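Here is the structure we will look at.
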Amino acid sequence: MTVSTDESTSLRQAREIADEVFFPAALAVDSADRVPLSHLDLLAERGFYGLAAPPEFNRLDLPGFPAVCRAIETLASGCLTTTFLWAQHHNAVMAAANTGNAALREAWLEPLATGRRRAGLAIGAAVRPGPAALSATPVDGGFLFTGDAPWVSGWGLVDTIYVAARQPDDTLVFALVDAASSDTLTVEPLRMSAVNASSTVTVSFTEHFVPADRVTNQMPLEAWRQRDPATLRFNGSLALGVADRAIELADEPTLRPQLDAARDGLDTADPGTMPAARAAASELALRASANLAVTAGSRAVLLDEHAQRLVREATFLLVFGSRPGIRDALRTAFTTTA
């Protein structure tokens with residue numbers, strides 16, 4: 005990867021990690037049961053668990069949101085699986101930073117920002133259209149969470165899950181829950197065609213008690229939906245990282261301007277145009293990885309070749325973190341002839 009001389013120290017460190025540690029191990033991680041703990045420890049050591057933390061807990065020199073997204077993209081170009089898992093942690097950091105629960109902020113923000121505590125994410129089950137798959141019932145001293153939260157990554161690698169559950173009046177309850185099996189919290193591993201080493205599971209809650217001192221926030225479901233489009237930018241960086249590596253390996257400079265355009269599209273998108281920008285990034289990752297497979301020839305189907313890994317990862321990113329607008333834009337791109 006080419007390093008610009010005007011890059012910040014943290015972005016240069018992200019490139020070093022991606023090129024010298026993550027990428028050389030990417031095929032091994034792809035076939036493993038879980039991400040190496042050493043990968044996550046390295047990110048913590050270099051301060052990357054504080055990426056979304058406020059300044060007093062953030063020692064990265066990433067000037068502005070586009071630079072933050074570029075760091076995610078860079079790490080994803082080395083190993084999507086590790087970056088995919090690590091990126092979900094930052095939702096818990098932001099929740100601890102912005103909570104009105106002062107005691108929780110005091111106890112949790114610094115450990116999360118340094119990576120001493122590491123978090124997974126379980127929000128989709130409560131906010132999806134239709135009835136909530138994960139409900140919250142108020143009780144003395146807290147809430148009882150009941151239902152299933154699919155696609156929770158990092159089981160066995162994280163100690164905390166940032167969870168959303170929905171009350172009968174459509175108020176969302178957000179909480180930091182211990183990632184530990186019990187009589188009321190059980191998991192079922194999911195086997196995935198890509199990023200399988202992310203240790204993704206379905207978490208089942210059965211009247212699982214969540215004390216009030218673990219609740220970071222409550223808000224109406226509709227209020228969450230109105231702000232959701234603005235949160236989609238992070239995930240687009242994962243697709244750009246896959247595209248970047250595929251372009252590099254194929255030595256295909258004609259796709260480089262398209263990568264820059266997709267990045268600019270994400271950086272300048274507003275909530276109304278973000279779904280189309282996200283779709284463009286995912287579609288480019290698929291095209292770039294398919295081009296790499298064609299360039300590699302018959303060897304592209306071998307499991308020790310990066311082409312097949314990147315094609316599978318690009319396919320995964322077509323559906324990860326998706327929304328109806330993203331799906332519609334992708335279907336249009338795939339079914340419309342020039």
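Count along the sequence shown from 1, then add 4; that gives the number in this note's numbering.
No residue lacks a Cβ here, since even glycine has one placed at the ideal position from N, Cα and C.
Keep in mind that this is a model prediction, so the values were computed, not measured.
- Local Cβ density within 10 Å of Arg19, reported as buried at 16 or more and exposed below that: If you number the sequence shown from 1, residue 19 lands on position 15. By the neighbour-count rule (16 or more Cβ atoms within 10 Å), Arg19 is buried.
- Thinking C-beta only, is Gly54 closer than 8 Å to Thr118? By one-based count along the sequence shown, residue 118 stands at place 114. By one-based count along the sequence shown, residue 54 stands at place 50. A contact, by the Cβ cut-off of 8 Å.
- Straight-line CA distance for Pro133 to Asp255? In the sequence shown, the residue the question calls residue 133 occupies position 129. In the sequence shown, the residue the question calls residue 255 occupies position 251. Per the coordinates, the alpha-carbon of Pro133 lies some 43 Å from the alpha-carbon of Asp255.
- Any contact of the region 156 to 173 with the region 110 to 129, i.e. 3+ C-beta pairs under 8 Å? Counting Cβ pairs under 8 Å, three or more are found: they touch.
- Message: Using only the alpha-carbon positions, how far apart do Gly51 and Thr341 sit?
- Response: Numbered from 1 along the sequence shown, position 47 holds the residue referred to as residue 51. Numbered from 1 along the sequence shown, position 337 holds the residue referred to as residue 341. Whole-angstrom Cα-Cα distance: 46 Å.
- Burial state of Val205, where buried means 16 or more other Cβ atoms lie within 10 Å: To locate residue 205, count along the sequence shown from 1; it is residue 201. So Val205 ends up on the buried side.
- Query: Would you say Ala80 and Leu66 are within 8 Å of each other, going by their C-beta atoms?
  - Reply: Position 76 of the sequence shown, counted from the start, is the residue given in the question as residue 80. Position 62 of the sequence shown, counted from the start, is the residue given in the question as residue 66. Not a contact, by the Cβ cut-off of 8 Å.
- Item | Per-residue burial, Phe338 [other beta carbons within 10 Å of its own, 16 or more giving buried] | Counted from its first residue, the sequence shown places residue 338 at position 334. That one is exposed.
- Three CB pairs or more closer than 8 Å across the region 209 to 218 and the region 240 to 256: No, they do not touch.
- When DSSP builds the beta bridges, which residues end up paired with Phe4? In the structure as shown, the chain starts at 5 and stops at 342, and residue 4 therefore has no counterpart that could be examined.
- Message: With three or more beta-carbon pairs closer than 8 Å as the criterion, would you say the region 136 to 153 touches the region 97 to 115?
- Response: Fewer than three Cβ pairs drawn from the region 136 to 153 and the region 97 to 115 lie within less than 8 Å of each other, which leaves the two stretches out of contact.
- Message: I need the straight-line Cα distance from Ala198 to Ala48, nearest angstrom please.
- Response: Counting from one through the sequence shown, the residue named residue 198 turns up at place 194. Counting from one through the sequence shown, the residue named residue 48 turns up at place 44. So the alpha carbons of these two residues sit roughly 24 Å apart.
- Beta-carbon proximity check, Leu244 vs Gln262, cutoff 8 Å: Taking the first residue of the sequence shown as 1, we reach residue 244 at position 240. Taking the first residue of the sequence shown as 1, we reach residue 262 at position 258. Taking 8 Å as the Cβ cut-off, Leu244 and Gln262 do not qualify as a contacting pair.
- Using 8 Å as the threshold, is the region 262 to 271 in touch with the region 312 to 321, meaning 3 or more CB pairs across them? No, the region 262 to 271 is not in contact with the region 312 to 321.
- Could you have a look at Thr204 and say whether DSSP puts it in helix, strand or coil? Looking up residue 204 in the sequence shown gives position 200. Here Thr204 sits in coil by DSSP.
- Task: Assign Glu309 to one of three DSSP states: helix, strand, or coil.
- Result: For the purposes of this step, residue 309 is taken as residue 305 along the sequence shown, with counting starting at 1. Residue state, collapsed to three classes: coil.
- Going by other Cβ atoms of all chains shown within 10 Å of its Cβ, with 16 needed for buried, is Phe149 buried or exposed? Counting from one through the sequence shown, the residue named residue 149 turns up at place 145. Buried, by the Cβ-count rule.
- Query: Leaving out five residues before and five after Ser185 in sequence, what residues of the same chain have Cβ atoms less than 7 Å from its Cβ?
  - Reply: To locate residue 185, count along the sequence shown from 1; it is residue 181. So the qualifying residues of the chain are Val191.
- Looking at the structure shown, is Met196 part of a helix, part of a strand, or coil, going by DSSP? Within the sequence shown, the letter at position 192 stands for residue 196. Reduced to three states, the DSSP call for Met196 is coil.
- Item | Pro193 versus Arg291 - alpha carbon distance | Numbered from 1 along the sequence shown, position 189 holds the residue referred to as residue 193. Numbered from 1 along the sequence shown, position 287 holds the residue referred to as residue 291. Spanning the two alpha carbons is a distance of roughly 30 Å.
- Task: From the DSSP output, read off the bridge partner residues of Met223.
- Result: Start at 1 with the first residue of the sequence shown, and residue 223 comes out as number 219. Its beta-bridge partners are Leu176.
- Message: By DSSP's criteria, Arg291 is part of a beta bridge. Which residues make up the other side?
- Response: Here the question's residue 291 lines up with position 287 in the sequence shown. Arg291 is not bridged to any residue.
- Item | Rounded separation between Phe88 and His43 - CA only | The residue given as residue 88 occupies position 84 in the sequence shown. The residue given as residue 43 occupies position 39 in the sequence shown. Phe88 and His43: Cα-Cα distance of roughly 12 Å.
- Item | Alpha-carbon spacing of Arg249 relative to Glu317, whole angstroms | Along the sequence shown, read from residue 1 onward, the residue named residue 249 stands at position 245. Along the sequence shown, read from residue 1 onward, the residue named residue 317 stands at position 313. Rounded to the nearest whole angstrom, the CA to CA distance from Arg249 to Glu317 is 12 Å.
- Give the secondary structure of Phe147 by DSSP, where H, G and I count as helix, E and B as strand, and everything else as coil. Residue mapping note: residue 147 aligns to position 143 of the sequence shown, counting from 1. DSSP, reduced to helix, strand and coil, places Phe147 within a strand of the structure shown.
- Message: Taking 8 Å as the threshold (C-beta atoms), are Phe238 and Cys83 in contact?
- Response: Translated into positions along the sequence shown, residue 83 becomes position 79. Translated into positions along the sequence shown, residue 238 becomes position 234. Taking C-beta atoms as the reference points, Cys83 and Phe238 fail to come closer than 8 Å.
- Item | Under 8 Å between C-beta atoms of Ile21 and Leu46 | For the purposes of this step, residue 21 is taken as the residue at position 17 of the sequence shown. For the purposes of this step, residue 46 is taken as the residue at position 42 of the sequence shown. With respect to Leu46, Ile21 sits close: the two C-beta atoms are nearer than 8 Å.
- What is the residue span of the beta strand (DSSP E) that Ile165 lies within? Translated into the one-based positions of the sequence shown, residue 165 becomes position 161. Its beta strand (DSSP E) spans residues Thr164 to Arg170.
- Message: Just to check my reading of the structure: Ala71 and Leu15 have Cβ atoms closer than 8 Å, yes? What is that Cβ distance to the nearest angstrom?
- Response: Working through the sequence shown from its first residue, we reach residue 71 at position 67. Working through the sequence shown from its first residue, we reach residue 15 at position 11. In this structure Ala71 touches Leu15 by the C-beta definition: roughly 7 Å separates them, less than 8 Å.
- Message: Quick check: Phe178 and Ala57, are their CB atoms within less than 8 Å of each other?
- Response: In the sequence shown, the residue the question calls residue 178 occupies position 174. In the sequence shown, the residue the question calls residue 57 occupies position 53. In this structure, Phe178 lies away from Ala57, with their beta-carbon atoms at least 8 Å apart.
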